[in-house]
Amino acid sequence: MNFDLGRTGYLFVVEGIDGSGKTTVCLMVVEALRKEGVHVIHLREPTSESKWGQEIRLRSPKGELTPDEELTLFIKDREWNAKNRISPALAEGKVVIMDRYFFATGAYQTTSTGIPWEDILKRNREEIHAPEPDMVFILDVSVEIGLRRIGGREEDLNQQFEQYDRLLRVRQAYLEMVERDTGNLVLVDASRDLEVVYFDVLQQIIRYIGNEKHLERGKN
Ligand code: TMP
Numbered sequence: 013m014n015f016d017l018g019r020t021g022y023l024f025v026v027e028g029i030d031g032s033g034k035t036t037v038c039l040m041v042v043e044a045l046r047k048e049g050v051h052v053i054h055l056r057e058p059t060s061e062s063k064w065g066q067e068i069r070l071r072s073p074k075g076e077l078t079p080d081e082e083l084t085l086f087i088k089d090r091e092w093n094a095k096n097r098i099s100p101a102l103a104e105g106k107v108v109i110m111d112r113y114f115f116a117t118g119a120y121q122t123t124s125t126g127i128p129w130e131d132i133l134k135r136n137r138e139e140i141h142a143p144e145p146d147m148v149f150i151l152d153v154s155v156e157i158g159l160r161r162i163g164g165r166e167e168d169l170n171q172q173f174e175q176y177d178r179l180l181r182v183r184q185a186y187l188e189m190v191e192r193d194t195g196n197l198v199l200v201d202a203s204r205d206l207e208v209v210y211f212d213v214l215q216q217i218i219r220y221i222g223n224e225k226h227l228e229r230g231k232n
């Protein structure tokens, strides 16, 4: 089923490794757009609403899911989100800001399952018809900065080898997507102060919407 019919809103996604600052940046962007009177919906994945999102949140941290089970649950949760939250908001002309989307499944689940991220993105696009974002901001930081931001003290870094190694591969997958994916992915230097990162993202969103509106008007 194509959920994109009648889409008049905009879909922006913020992605990045753990500690990239994406959640803070999303909140700041949403608040700034609301202040401007824009009808904004803020969503995050995994959701806390669908039974699949709840299962991920409950069982994944305990290590109870195989990588394949996890991949399936992320996709099912997203299918629910696309149908029940994203597409209705886009059809109503709202601006949807997402904290993670199917690019996260590509980047994270390629490292756990070994399936190429290209194939994972394809499943999201072709099997569940997840709406294509207008823009995807990849907030890029080194793994060292990411781990430090999520509270890893310098001396803990040695004990975080497993996470360190995984995040290196997640970051690499995101960087490859920026180079090779067909979507509109933008690399953002997120090692800067988060106020600066937020303003950069906000300006790009405003510019994009402004240009699109202009193009729409040009058609009449
Ligand atoms: P968060 O950092 O946005 O709270 O996301 C929670 C974790 O879920 C994070 O470590 C990344 C992971 N994740 C995936 O592995 N695959 C996905 O598709 C999504 C949406 C998140």
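In this note's numbering, the protein residues as written are 13 to 232.
The C-beta atom is built at its ideal place from N, Cα and C for all residues, glycine as well.
Here the structure is a predicted model, which is why all the values come from computation and not from measurement.
In this structure, DSSP gives R112 a state outside helix and strand, which the three-state scheme calls coil. The nearest non-hydrogen atom of ligand 1 is less than 8 Å from the C-beta of Q121. Three or more Cβ pairs drawn from the region 58-67 and the region 88-105 lie within less than 8 Å of each other, which places the two stretches in contact.
The C-alpha of R161 is placed about 35 Å away from the C-alpha of E138. Contact check for I150 against L199 passes: the beta carbons are separated by less than 9 Å. In this structure, ligand 1 has no non-hydrogen atom nearer than 8 Å to the beta-carbon of Y186.
In this structure the region 141-160 touches the region 27-42; the number of beta carbon pairs closer than 8 Å is three or more.
Here the region 66-81 does not lie against the region 40-51, with fewer than 3 beta-carbon pairs under 8 Å apart. Burial check for E207: the Cβ neighbour count within 10 Å stays below 16, so the residue is exposed. Not a single heavy atom of ligand 1 lies less than 8 Å from the C-beta of R160. The C-alpha of D131 is placed about 12 Å away from the C-alpha of M189. Taken from the Cβ of E138, every heavy atom of ligand 1 lies 8 Å or farther away. The DSSP-derived three-state label of I150 is strand.
Linking A119 to W129 through their CA atoms gives a straight-line distance of about 6 Å. Boundaries of the alpha helix (DSSP H) harbouring R46: 34-47, taken from the DSSP string. For E191, the enclosing alpha helix (DSSP H) begins and ends at 173-192.
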